[in-house]
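Structure record follows, encoded as structure tokens.
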Ligand code: FES
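Numbering (the working numbering), first residue to last: 1022 to 1130.
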């Protein structure tokens, strides 16, 4: 007997919506998600910085990091790890999957 699926997968974008080395803001239900394209691989994190209220989708993507536009805190995109002050709390990351050209996010993961 297979385990029941507990995650809800919700379409947030199409695969071509985010250019390489770029980020796009996606609003889904009550959450603001940052969708990153790192060399063709997509990652989703919370869009709001863990330090104060700034949108990381307005930040600067450099390699696999994003710099917050407000106080220049740095996060590692694939893991959400806080890398440099003033950020100390990691970002939430979300699993993604691609189906028929749609990017699906698991919100309850
Ligand atoms: S709000 Fe992001 S580093 Fe301060």
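C-beta: ideal position from N, C-alpha, C; glycine also. Given the structure is predicted, the values throughout are model-derived calculations rather than measurements.
Residue 1082 has its CB no nearer than 7 Å to any heavy atom of ligand 1. When distances are taken from the beta-carbon of residue 1091 to the heavy atoms of ligand 1, the shortest one is below 7 Å.
Between ligand 1 and residue 1101, a heavy atom-to-CB distance of less than 7 Å is absent. Bridge pairing for residue 1097: 1086 [DSSP]. Taking the Cα positions, residue 1069 is about 18 Å away from residue 1063. Note that the C-beta distance between residue 1090 and residue 1060 is not below 8 Å.
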